[in-house]
Amino acid sequence: DTGVSQDPRHKITKRGQNVTFRCDPISEHNRLYWYRQTLGQGPEFLTYFQNEAQLEKSRLLSDRFSAERPKGSFSTLEIQRTEQGDSAMYLCASSYRDFTYEQYFGPGTRLTVT
Amino acid sequence: DAKTTQPPSMDCAEGRAANLPCNHSTISGNEYVYWYRQIHSQGPQYIIHGLKNNETNEMASLIITEDRKSSTLILPHATLRDTAVYYCTLGGGADGLTFGKGTHLIIQP
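Chains as they are written, first to last, in my numbering: chain A, 910 to 1023; chain B, 504 to 612.
Spelled out as structure tokens, the structure:
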């Protein structure tokens, strides 16, 4: 049973560097979501895809954030010119399109910007 | 601007039922109530969801009031492994979810 996987699990980077995170959803799931979670807060929705189409991206935090899902399978989230305020857990979730509304979350990527 | 209100923390004795309340007075007609939990350092885990009828699965029961303005998640026999942050959230099915700060449930031995 392979759930949602994320890579890397931890990333430490210096301010100003670019970082990219990968998410592999559950294989038959065609919806994929990205969230950010800061300490003491619940996850904050960023964007989501249905297959390769990005259906919602207005919640991305700034134009430094971008996401892709080129073939409708794995997805990447990139943060350019990182800032200390970007330090957080980045979570990916996937769900099956019809009749199933629950989202299955991965373990997250912990980003620390120094 | 979470649309749900939950107590920040609750305690429950091991083996007893844990009843977690959630207020969602501005819920709209097509919004589902979802419950997730997050154990420290892990991603959230789906528990249950419902529209207007009470629901039960192997993990929990969900009781939704008739006016749909509040709900209660019931863990029938809490164990130490149920210690987690529990989130009540609303959604229309396909959209991203909005999470508040949740309820930190602590199961006491």
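The beta-carbon is built from N, C-alpha and C at its ideal position, and this holds for glycine as well.
Backbone secondary structure at residue 964 (chain A) - three-state DSSP: If DSSP states are grouped into helix, strand and coil, residue 964 (chain A) belongs with the strands.
Residues from the region 595-610 of chain B in contact with chain A, defined by Cβ distance under 8 angstroms: Considering only beta carbons, the part of the region 595-610 of chain B lying closer than 8 angstroms to chain A consists of 596, 597, 598, 599, 600, 601, 602, 603, 604, 605, in chain order.
Short CB-CB distance (under 8 angstroms) between residue 448 (chain B) and chain A: Beyond the ends of chain B as shown, which are 504 and 612, falls residue 448 (chain B); an answer cannot be given.
Residue interval of the beta strand (DSSP E) (run including residue 548 (chain B)): Segment 548-553, the beta strand (DSSP E) holding residue 548 (chain B).
Proximity winner among A:990, A:964, A:1012, A:1011, relative to residue 929 (chain A) (alpha-carbon distances): It is A:990.
Buried/exposed call for residue 948 (chain A), threshold 16 Cβ in 10 Å: Classification for residue 948 (chain A): exposed.
Below-8 angstroms beta-carbon distance, residue 1005 (chain A) vs any chain B residue: No, residue 1005 (chain A) does not count as interfacial toward chain B.
Assigned secondary structure, residue 585 (chain B) (DSSP; H/G/I helix, E/B strand, else coil): Residue state, collapsed to three classes: helix.
For residue 1021 (chain A) and residue 943 (chain A), the rounded distance between their alpha carbons: Those two C-alpha atoms are separated by around 18 angstroms.
Residues that residue 589 (chain B) contacts on chain D, provided the C-beta gap is smaller than 9 angstroms: The structure shown contains no chain D; its protein chains are A and B.
Alpha-carbon spacing of residue 513 (chain B) relative to residue 541 (chain B), whole angstroms: Looking at the two C-alpha atoms, the distance is approximately 15 angstroms.
Cβ separation of residue 984 (chain A) and residue 940 (chain A), assumed to be a contact under 8 angstroms, to the nearest whole Å: The beta carbons of residue 984 (chain A) and residue 940 (chain A) sit about 11 angstroms from each other, so the pair does not count as a contact at 8 angstroms.
7 angstroms CB neighbourhood of residue 992 (chain A) in its chain, flanking five on each side removed: Cβ-Cβ distances below 7 angstroms link residue 992 (chain A) to 924, 1022 in the same chain, with the five nearest sequence neighbours on each side left out; the list follows chain order.
Chain A contact for residue 580 (chain B) (CB, 8 angstroms cutoff): Judged by the 8 angstroms Cβ criterion, residue 580 (chain B) is not in contact with chain A.
Environment of residue 952 (chain A) [buried if 16+ CB atoms lie within 10 Å]: Within 10 angstroms of the beta-carbon of residue 952 (chain A) lie 16 or more other beta-carbons, which makes it buried.
Sequence-distant residues of its chain with Cβ nearer than 8 angstroms to residue 976 (chain A) (five each side left out): For residue 976 (chain A), where only same-chain residues beyond five positions count, the Cβ hits under 8 angstroms are 943, 955, 956, 958, 963, 966, 969, 984, 985, 986, 987.
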